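**Student:**
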Amino acid sequence: MELAKTFKLVSEQMLGELELIKAGPSELKGRSREIVLKRFLVPFVPTDMSVCSGVVMSTGGKSGEIDLIVHDKKGFSLFRPLIQHYSESAKPVPVETVYAVVEVENYLDADTTSKCLERIRRVKELRKVAYYEQSGAIVHTVKLYGKEWEYFPTLGIVFAFDGDLQKIHEVLSRVNCPLEQGIDLVCVLAKGLITCYNSKNDVLVFPPEPGLELVFREGSPEENLRILYLMLTRIFSQAWTRPIRVMDYLRV
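Read left to right, the sequence shown gives residues 2 to 253 (the working numbering).
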């Protein structure tokens with residue numbers, strides 16, 4: 002019961018802050034929305050992770066500016082001497098340390114969904130290769146998207162304060178790309194969530210798995226935040242990163 006009250010209070014606070022943001026200077030609105038969501042996320046990510054804004058980089062390219070990046074704190078700390086002179090919004094975050102990226106929107110419709118999809122796809126196409134080889138009899142892997150991975154793939158999430166669930170669902174239903182390159186979860190705070198559904202077990206599935214139906218689930222703001230919290234804590238509890246070869250970036 003107390004947990005339900007907590008999410009009700011948090012959702013009311015977030016929506017109230019959004020109304021204040023709408024009345025503020027237009028040039029600050031985007032960053033203010035990110036701050037509101039970041040304040041919600043930070044207490045719920047594990048202590049070995051951090052949340053920032055910036056650009057995801059790899060040894061072969063980089064993304065555009067990303068609203069929020071959830072990354073491994075220890076792995077990222079290795080790069081601090083190399084990136085200390087960058088501004089906060091342009092801070093490069095090595096893709097090998099990245100667990101998830103989040104695009105934050107005020108209102109999500111077909112057009113903004115397509116734009117978010119392209120930004121997230123660009124991040125997911127960055128290859129995670131700057132790792133030391135795993136040695137020994139035991140190789141650490143994780144199973145996501147119906148595949149076995151020797152590293153933790155980057156998750157792609159879209160969070161909006163309001164939006165049209167039907168139009169968002171239509172755009173995502175037409176996407177023709179591998180599961181691991183698309184948007185994994187959409188949370189529209191005022192309306193509901195869009196993710197995969199396992200009818201056999203009657204559960205929402207995040208990240209998506211092969212053969213499952215993409216659905217939208219309408220709900221109250223507090224319900225949507227609670228489900229988002231449960232999904233994120235479950236997947237982040239499985240996240241890990243391999244030791245990173247910083248020298249690979251020095252050659253770029």
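Note that beta-carbon positions come from the ideal geometry of N, C-alpha and C, so glycine has one too.
Computed from a predicted model, the values in this text were never measured in an experiment.
Would a C-beta distance cut-off of 7 Å place Tyr-133 and Arg-252 closer than the cut-off?
**Tutor:** For this step, residue 133 is matched to residue 132 along the sequence shown. For this step, residue 252 is matched to residue 251 along the sequence shown. Contact flag unset, no.
**Student:** Sort Phe-237, Lys-9, Arg-34, Ala-5 by Cα distance to Val-143 and report the nearest one.
**Tutor:** One-based indexing of the sequence shown puts residue 143 at position 142. Sorting Phe-237, Lys-9, Arg-34, Ala-5 by C-alpha distance to the C-alpha of Val-143 places Phe-237 at the top.
**Student:** Which whole runs of the beta strand (DSSP E) in the stretch 66-131 are 3 residues long or more, in chain order?
**Tutor:** 93-95, 99-109
**Student:** The beta strand (DSSP E) with Thr-196 in it runs from where to where?
**Tutor:** Start at 1 with the first residue of the sequence shown, and residue 196 comes out as number 195. Residues 193-199.
**Student:** Check whether the Cβ atoms of Val-105 and Phe-41 sit closer than 7 Å, and answer yes or no.
**Tutor:** Against the sequence shown, residue 105 aligns to sequence position 104. Against the sequence shown, residue 41 aligns to sequence position 40. No; because the gap between Cβ atoms is not below 7 Å, this pair is not in contact.
**Student:** Could you tell me which uninterrupted beta strand (DSSP E) segments, each at least 3 residues in length, are contained entirely in the stretch 161-195, listed from first to last along the chain?
**Tutor:** 186-189
**Student:** Could you tell me the boundaries of the alpha helix (DSSP H) in which Glu-224 lies?
**Tutor:** Within the sequence shown, numbered from 1, the residue matching residue 224 stands at position 223. From DSSP, the alpha helix (DSSP H) with Glu-224 extends over 222-237.
**Student:** What did DSSP end up calling Val-140 once you bin it into helix, strand or coil?
**Tutor:** As a working note, residue 140 is residue 139 in the sequence shown. If DSSP states are grouped into helix, strand and coil, Val-140 belongs with coil.
**Student:** Touch check for the stretch 43-50 and the stretch 108-118: three-plus C-beta pairs under 8 Å?
**Tutor:** no
**Student:** Please list, in chain order, all residues of the same chain as Glu-149 whose beta carbon is under 8 Å from its beta carbon, the five residues on each side excluded.
**Tutor:** Within the sequence shown, numbered from 1, the residue matching residue 149 stands at position 148. Thr-142, Val-143.
**Student:** Relative to the C-alpha of Leu-156, which residue among Gly-61, Pro-208, Ser-33, Gly-147 is closest?
**Tutor:** Within the sequence shown, residue 156 is the residue found at index 155, counting from 1. The option with the nearest alpha carbon to Leu-156 is Pro-208.
**Student:** Take the Cβ of Cys-188 as the centre, count every other Cβ of all protein chains shown within 10 Å, and call the residue buried at 16 or more, exposed below.
**Tutor:** Counted from its first residue, the sequence shown places residue 188 at position 187. Buried, because 16 or more other Cβ atoms sit within 10 Å of the Cβ of Cys-188.
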